[in-house]
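Numbering (UniProt numbering), first residue to last: 1 to 606.
To keep things clear, I will list the structure first and then write my remarks on it.
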């Protein structure tokens, strides 16, 4: 209207006023009157608010800036306004992505497919009548590298051979690394998801200051129990019901506390043996480690913290121990076959023990792994070789060969101390998720090409990730600096939260620990109880009080069959809860122990 008023075209200005601006009269009559009065002025710039009006073009530019600010401030548009960077050859890239997506759907994919036209969908023919395996449907990676794949479309001439794809985490790659990857990824179905869910960099804590690698503050913070790839089953549960909760057999929800163990110092991390279901490893806040036989209530092993070969350790570690000799266990975990176990300490090192049955543990490896605390440790089998994965306050993830302790990879890219690692595999793809104290989630393949994922975890602070026992579902649990906890399931193909579980009603007094069991339940220690969810229902299912005596955020750990659940107590102990199968297991072991002791006493008497 102002542009026509500036040209003294009053009839057109009145038309706009009546047709387009009359709507303002219904909810702001004063504004409409003020607009109307502009037509009575010989020069509308006599109005104070329009005194700086230049011309139509500049006014529209100013209006565009103001509208942009309003849109960006609207929470409905948050994380939805950053568009991906597309190269100049985007059409060629899209065609390649389309061809590879079609090739992923082939029932009999050829190692080196070709294409002669874009007018017909691609499909590999049946090779000599034989039936080849169907392509894998990998929801996490978005695309699994196939043998070969479509070569990159050149500007002219025939196709050229393409290298093996190396960036299969396409579904999560909202912000891909700057390193150069092959232009064609085998079946990069996650590309569409990337376009639908661009990620805006988090505005939370933009100037967060993290302690250095030798900081005592980071090394002494509470540690989650951590992650496991194979976990378990339900436990003793109090008969508390919640809206929309399913009914479950009473055998699953048992009330008895089967065992109470006195550790002597506060448990920080626990892990059950993968084969011998009643063997429990414990690491404490003073660096002690213990091995319990839950069946017999016997502590088989106790070891106080000690550096095995101090002379071989870095000067930084030696100086740190002289300054403050207190050390805590951040994580303790069995290897997949139970022949080794690893201990990550709050000062620089990890220690690996070999286990030979009973109370026989032996020193295997001591690694000066990180500058500062070692916050997590895990085992994995990349390339069919057992490796140790560690992360620490120095913002790195490292991979070590488990036999010799030789370092194989160092992954750099986090901008804050790395809090946890979660190794996993899908089909033939081995990868590692990592989380840092700034809430960033990254994923790494066993190569030197950088992270494949850069995403924000709910809570933006201490987060751990874990898969269901069958490896098909991914969960994370995190606590913010303000004490707000978030337990979520991820949509792996899009890198987005699929389901958020309810039930954290108060601000947590510590970092919430969680575990999964038997592809069915989630458990978290919070508000002095253990909270249980059905994986398919966001409502809290039930709580377990374990006869009381639990800390605000208890450490929890299922055994691998899910029949037992260990939980830390306020009096430096551990309670072991059991479902019906767990009770039967413990009674069987008790009877065997009694029979063995009676037989031994009879032999002595004779």
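Glycine is no exception: its CB is placed at the ideal position from the N, C-alpha and C atoms.
Using beta-carbon positions only, say whether residue i and residue j come within less than 8 Å of one another.
i, j, result
"residue 382", "residue 446", "yes"
"residue 582", "residue 555", "no"
"residue 330", "residue 346", "yes"
"residue 437", "residue 458", "no"
"residue 538", "residue 479", "no"
"residue 487", "residue 522", "yes"
"residue 290", "residue 318", "no"
"residue 469", "residue 516", "yes"
"residue 267", "residue 284", "yes"
"residue 349", "residue 377", "no"
"residue 573", "residue 261", "yes"
"residue 569", "residue 586", "no"
"residue 477", "residue 514", "yes"
"residue 287", "residue 328", "yes"
"residue 415", "residue 384", "no"
"residue 535", "residue 520", "yes"
"residue 439", "residue 454", "no"
For residue i, count the other beta carbons within 10 Å of its own beta carbon; 16 or more makes it buried, fewer makes it exposed. Which is it?
i, result
"residue 460", "buried"
"residue 75", "exposed"
"residue 424", "buried"
"residue 308", "exposed"
"residue 398", "buried"
"residue 12", "exposed"
"residue 421", "buried"
"residue 356", "exposed"
"residue 259", "buried"
"residue 494", "buried"
"residue 359", "exposed"
"residue 295", "buried"
"residue 584", "exposed"
"residue 121", "exposed"
"residue 362", "exposed"
"residue 107", "exposed"
"residue 310", "exposed"
"residue 473", "buried"
"residue 343", "buried"
"residue 380", "buried"
"residue 325", "exposed"
"residue 548", "exposed"
"residue 546", "buried"
"residue 504", "buried"
"residue 66", "exposed"
"residue 531", "buried"
"residue 579", "buried"
"residue 375", "buried"
"residue 518", "buried"
List the residues that DSSP assigns as beta-bridge partners of residue i.
i, result
"residue 422", "433"
"residue 366", "351"
"residue 387", "380 and 401"
"residue 592", "DSSP lists no partner for residue 592."
"residue 543", "531"
"residue 619", "Examination of residue 619 is not possible in this model, given that the chain is present from 1 through 606 alone."
"residue 525", "513 and 530"
"residue 410", "398"
"residue 342", "333 and 352"
"residue 440", "456"
"residue 271", "281"
"residue 303", "289"
"residue 262", "573"
"residue 445", "431"
"residue 392", "374"
"residue 257", "577"
"residue 361", "355"
Sufficient close CB pairs (3 or more, under 8 Å) joining the region 262-275 to the region 551-571: yes
Given 8 Å, three or more beta-carbon pairs between the region 379-394 and the region 357-371: yes
Sufficient close CB pairs (3 or more, under 8 Å) joining the region 399-407 to the region 447-457: The answer is no - the region 447-457 does not touch the region 399-407, with fewer than three Cβ pairs under 8 Å.
Secondary structure, beta strand (DSSP E): runs of 3+ residues fully inside the region 549-577: 556-558 and 564-568
Stretch pair the region 482-498 + the region 427-434: three plus CB contacts closer than 8 Å: no
Beta strand (DSSP E) segments (min. 3 residues) lying fully within the region 456-513: 462-467, 474-479, 485-491 and 496-501
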